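Numbers in the numbering used here are just positions in the sequence shown, counted from 1, shifted up by 158.
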Amino acid sequence: IIGVGFIGSLVAFFAMAVTFLIGMAIDKFGPKRVTRIFAPLDAIAWVLTTLIYAPVHVYIMSAIYAITRSGIVVSLDATIYGRARHEDLVAYIFQREIGMSAPRAAFLFILGILFWFKLPLIMVFIFAALITLLTTIYPYQTAADKQKIIIPDKITSD
159 IIGVGFIGSL
169 VAFFAMAVTF
179 LIGMAIDKFG
189 PKRVTRIFAP
199 LDAIAWVLTT
209 LIYAPVHVYI
219 MSAIYAITRS
229 GIVVSLDATI
239 YGRARHEDLV
249 AYIFQREIGM
259 SAPRAAFLFI
269 LGILFWFKLP
279 LIMVFIFAAL
289 ITLLTTIYPY
299 QTAADKQKII
309 IPDKITSD
């Protein structure tokens, strides 16, 4: 019989291995493409969470969620740190932390509203799937970024 600890260890190992593979995919294809692949998969994972009816399904969904969430978070981190190399590092780190905390607070607020009106719990997972799909339209390049053109200084030889 396979124990709960063994399954948990497998989930952690696969999440670590997938994070490494996602990093390689970001280097090859770019963070925007990786996010556009993993955001719909994450939404599907949220919807599949509504179908859990056995304890082993919790571990399976945990593994799937860890994989899809890693695909989104690692690619968004790569985008933010890539921008930070050329501009103010502290501002981008601050933006990242606010960007990760604000949705959690908003989600908890909306979750409270769903419970206040006694909506079924399945609506929470459907709502999470819809919110996850919003990451596919994350503005990787703003209009101000498109207008910035970096022109290297002319090298003159005397």
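Note that beta-carbon positions come from the ideal geometry of N, C-alpha and C, so glycine has one too.
Note that the coordinates shown come from a computational prediction; the quantities given were computed from them, not determined experimentally.
Cβ pair residue i, residue j closer than 8 angstroms
i: Tyr223; j: Gly166; result: no
i: Leu199; j: Thr226; result: yes
i: Val169; j: Ser228; result: no
i: Ala221; j: Ala173; result: yes
i: Ala203; j: Leu291; result: no
i: Thr193; j: Ile230; result: yes
i: Phe184; j: Ser259; result: Looking at the sequence itself, residue 184 is Ile, so the reference to Phe does not match. Their beta carbons are not under 8 angstroms apart, which means Ile184 does not touch Ser259 by this criterion.
Span separating the alpha-carbon of residue i from that of residue j
i: Pro310; j: Arg241; result: Any reading at Pro310 must be qualified, since the residue scores a pLDDT of 47, below 50, and its modelled position is unreliable; no value is offered.
i: Asp235; j: Phe283; result: 25 angstroms
i: Met219; j: Ala197; result: 16 angstroms
i: Ile160; j: Glu255; result: 38 angstroms
i: Ile271; j: Met281; result: 11 angstroms
i: Lys276; j: Leu269; result: 10 angstroms
i: Pro213; j: Leu288; result: 25 angstroms
i: Val248; j: Pro189; result: 21 angstroms
i: Val162; j: Pro278; result: 29 angstroms
i: Tyr211; j: Val205; result: 14 angstroms
i: Arg243; j: Leu179; result: 23 angstroms
i: Arg262; j: Lys186; result: 30 angstroms
**Asked** What alpha helix (DSSP H) runs, 4 residues minimum, are completely inside the segment 198-283?
**Response** 213-242, 247-274
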